[in-house]
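Start counting at 1 in the sequence shown, then tack on 4, and there's your number in our numbering.
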Amino acid sequence: CTARYDGQIAQHLSDQGSATTTVFPTNLFMDFEKIADLRYGENPHQKAAFYRLGGRQPFGLAAAKQLQGKELSYNNIVDIEAAWDLVQEFQQPACCVIKHTNPCGTAIAPTLTDAYLKAYRADPVSAFGSVIGFNRPLDGATATELAKLFVEGVVAPGCDAEAQDILRSRKNLRILVVDAPPEVRGPDYQLRRVSGGILAQELDGILLGAENRVVTRRQPSEAEYEDLTFAFRVVKHVKSNAIVVARQGQTLGVGAGQMSRVDAVRISVEKAGEKAKGAILASDAFFPFRDGIDAAGKAGISAIIQPGGSLRDAEAIEAADEYGMAMILTGLRHFRH
C-alpha cells in the first residue's frame, strides 16, 4: 500500500516535469495486481499469470466476468483482447472471428445474429476453434447459431438469460462479459517488453488522415465508400503486412502478416475467390510497387483504400486507372506488429 502511494506521487511529479515536451513521462511507475495464475503461456511448457493495473478501478478485459467455461490460457486472453478491441470500432451490431489475434471474419449487420453469420461465413474453415467478439449483448438467436460451432471463447458486453441457457451445454466454452469502455480512464499505453526495457506507445485511435482524398479518375460509389471505411477499420487490427477484401459490410478475404504486400494481396483475393469481383480492398500501408494493384485488378477488385506515401504512388494510381478502380489515399498508415 505504501509503495503504491509513493509510486503515485512519483508518477504525478514525473508527469508534471514531462508535460511540456512529450505525452510520456520521464519515469514510468506502474503497479499491477495478480488476478490469476493461468493454465499456461503461449505453449504448455511456459508458466503464465494475468495481472491488472493496480490503484484504480478495474476496467476492460481485466475487469471481465467469466460466466462459464474452462480456465483461461495466455493465448485465450490475447485473442479475446484482439476480438474486443476490433468490435469496438463499430456503432452497428458487429461480430469478429479471431484466430491467432487476426480476424479471419468480420461483419456488421442490422442484427447481431446476421453479423455473426456473415462473419462466420467469411471463412468458416478458419472459424473452427476461434474466439468470437460481439459489440452487443449476446442474445438467444445468436447463441443458437453459435452453439453449432466449436469455439474457444466468446466476449461481449452482456449475455442474456436465454443465451446462457442455450450455451450452458457447451460447458468448456468460455464466455466473458466486459463492460463498455469508460469515458475517462486516464493515460493508457500499449506496452511491449524488450530485453532490458519496455516500449510504450499511444493507442491507435485515429482512422483517416487529414489528407484523405480520391486520387483516381473514378470516384468510389457511396456503397464502395462505406465498404472502404469498414475494411480500413478491420485492417487496423490485422498483423502487417495486412490486406482486407470486403463487400457489403463483410470481410471476404484477409491476408495477414506477410513479408511482402503483394503476397498479402494474393492471399486475400484467393480467400475471397469469385466474390473478389466487384469487392473493395484495404491495405494497412502503402504499396511499394504496382504489383499489388495489378493482383487486385486482375481479381476484379473495384476500389482500394490505402495510406499512400510511396515513392511510386504515381505508378499505383496509374495501375488503378488502367483497371478502372477507384482509389483513396488516407495519409495515415496502420501497421500492427
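Beta carbons are placed, not taken as given, at the ideal position from N, Cα and C, and that holds for glycine. Predicted, not measured: the structure shown is a model, and the values here were computed from it.
Between ALA280 and VAL242, the C-beta gap is not smaller than 7 angstroms, which leaves the two residues out of contact. Beta-bridge analysis with DSSP links THR255 to ALA250. Assignment of alpha helix (DSSP H) within the segment 165-228, counting only whole runs of 4 or more residues, yields 165-171 in chain order. The shortest C-alpha to C-alpha distance from PRO97 to any of TYR120, GLY109 and THR105 is the one to TYR120. Taking C-beta atoms under 8 angstroms as the contact rule, ALA320 and PHE291 qualify, at a distance of about 5 angstroms.
Beta-bridge partners assigned by DSSP to LYS38: TYR55.
The residues CYS99, CYS100, VAL101, GLY109, THR110 and ALA111, in chain order, have a CB closer than 7 angstroms to that of ALA123 in the same chain once the five nearest residues on each side in sequence are set aside.
A residue is called buried when at least 16 other Cβ atoms come within 10 angstroms of its Cβ; GLU85 meets this threshold and is buried. Rounded to whole angstroms, ASP325 and GLY296 show a C-alpha spacing of 14 angstroms. The three-state reading of DSSP puts GLY277 in helix, counting H, G and I together.
Judged by their CB atoms, SER134 and LYS175 are not nearer to each other than the 7 angstroms cut-off.
Linking ALA151 to ALA66 through their CA atoms gives a straight-line distance of about 26 angstroms. By the Cβ rule, the segment 33-49 counts as touching the segment 67-77, because three or more pairs are nearer than 8 angstroms. PHE236 carries a helical assignment under DSSP once its states are collapsed to helix, strand and coil.
Beta-carbon to beta-carbon, VAL82 and THR117 are separated by about 27 angstroms, too far to satisfy the 8 angstroms threshold. For LEU285, the CB contacts under 6 angstroms within the same chain, skipping 5 residues up- and downstream, are VAL249, ALA300, ILE305 and ILE308 in chain order. In summary, THR30 is exposed, with fewer than 16 beta-carbon neighbours lying within 10 Å of its beta-carbon over all protein chains present. Per DSSP, GLY157 is not a residue of any alpha helix (DSSP H); the beta strand (DSSP E) it occupies stretches across 155-160. Taking a C-beta distance under 7 angstroms as the contact criterion, ALA204 and LEU212 do not qualify as a contact pair. Between GLY137 and VAL155, the gap from beta carbon to beta carbon reaches 7 angstroms or more.
As a beta-bridge residue in DSSP terms, ALA286 pairs with VAL248 and ILE309.
Residues of the same chain with a CB within less than 8 angstroms of the CB of PHE33, apart from the 5 flanking positions on each side, are GLY11, GLN12, ALA14, GLN15 and SER18 in chain order.
For GLY328, the closest alpha carbon among the candidates GLY64, ALA303 and ARG316 is that of ALA303. Excluding the 5 residues flanking it on each side, VAL219 has same chain C-beta neighbours closer than 7 angstroms at ILE321, MET331 and LEU333, in chain order. For GLY64, the three-state secondary structure derived from DSSP is helix.
The straight-line gap separating the alpha-carbon atoms of THR6 and LEU315 is approximately 55 angstroms.
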